[in-house]
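A.B. asks:
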Amino acid sequence: MDLTIHVQDATEDFAREVLAMFAGAEGVTVATQEAPDTVWTADRAYRLLRHTNTRVQLFMSQLVQGDGWLDAYAYREKWGQNSLRGPSAALTKAIKRGAKEGWWSPDIPNPVRPTTPDPQKGWSKTAGYYLDEEHLPAFRAAWERRVYENDGRGPRLIEDIDDDQDDLGDKA
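Counting in my numbering, the sequence shown runs from 14 upward without gaps.
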């Protein structure tokens, strides 16, 4: 008989206790606990970029160019007030789709975080987005690879993309 117990989203102490309950049973072999692989590598970041639309790629290029920071006010000024409607949701969907395809763990974090509005002022548009510092090197390498594989014809930075908003696509 083969029995597999998968302990997910639990503390290490709880997982150890569960494994210890079965460790003493006759004929039972306890395998080690595997931690989910939640690291964004350059290959994973590249695959994510390749499976997103132009709006997300523009969004991510600005984060890479800004060393992990996207100023939402400047972005909206250049690309329109609705330009940030969609990219973060489409990015989240692409991450979930990649997990479903087995390209990375379902536990992999979204590398992008919005700033939070000031609670004193109530609702407001986000002031910007962060690409977490730990993920920046992987996404920078992925972006450079994307440009290289396009023989330099792909957009290198946000300024290289035509100002025509129709070029951004309409898929979220």
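Glycine residues also receive a C-beta, built at the ideal position from the N, C-alpha and C atoms.
Check the DSSP bridge columns for R126 and list the partner residues they point to.
C.D. replies: Against the sequence shown, residue 126 aligns to sequence position 113. In DSSP, R126 forms a bridge with Y143.
A.B. asks: Below 8 Å on the Cβ atoms is my guess for G40 versus L83; work out the distance and round it to an integer in Å.
C.D. replies: Residue numbering aside, residue 40 sits at position 27 when the sequence shown is read from its first letter. Residue numbering aside, residue 83 sits at position 70 when the sequence shown is read from its first letter. Actually they are not in contact, since the Cβ atoms of G40 and L83 sit about 56 Å apart, beyond 8 Å.
A.B. asks: Would you grab the beta carbon distance between L62 and Q70 for me? Rounded to a whole angstrom, and I think it's under 8 Å.
C.D. replies: Here residue 62 refers to the residue found at position 49 of the sequence shown. Here residue 70 refers to the residue found at position 57 of the sequence shown. That belief holds up - the Cβ atoms of L62 and Q70 are roughly 6 Å apart, short of 8 Å.
A.B. asks: Quick check: the Cα distance between N95 and D50, rounded to an integer number of angstroms?
C.D. replies: For the purposes of this step, residue 95 is taken as residue 82 along the sequence shown, with counting starting at 1. For the purposes of this step, residue 50 is taken as residue 37 along the sequence shown, with counting starting at 1. Cα to Cα, N95 sits roughly 35 Å from D50.
A.B. asks: Near A55, what residues of its chain come up, given a Cβ to Cβ distance below 6 Å and the 5 sequence neighbours on each side ignored?
C.D. replies: Counting from one through the sequence shown, the residue named residue 55 turns up at place 42. Cβ within range, chain order: A151, A154, A155.
A.B. asks: Using DSSP with H/G/I as helix, E/B as strand and the rest coil, what is L83?
C.D. replies: Mapped onto the sequence shown, residue 83 falls at position 70. Strand.
A.B. asks: Buried or exposed: which applies to F27, given that a residue is buried once 16 or more other Cβ atoms fall within 10 Å of its Cβ?
C.D. replies: Looking up residue 27 in the sequence shown gives position 14. Burial call: exposed.
A.B. asks: Consult DSSP for D120 and reduce its assignment to one of helix, strand or coil.
C.D. replies: Along the sequence shown, one-based indexing puts residue 120 at 107. Three-state DSSP puts D120 in coil, outside helix and strand.
A.B. asks: Which residues in the same chain as P6 place their Cβ atom closer than 7 Å to its Cβ, once the five residues preceding and following it in sequence are excluded?
C.D. replies: This structure cannot speak to residue 6, because the chain is shown only from 14 to 185.
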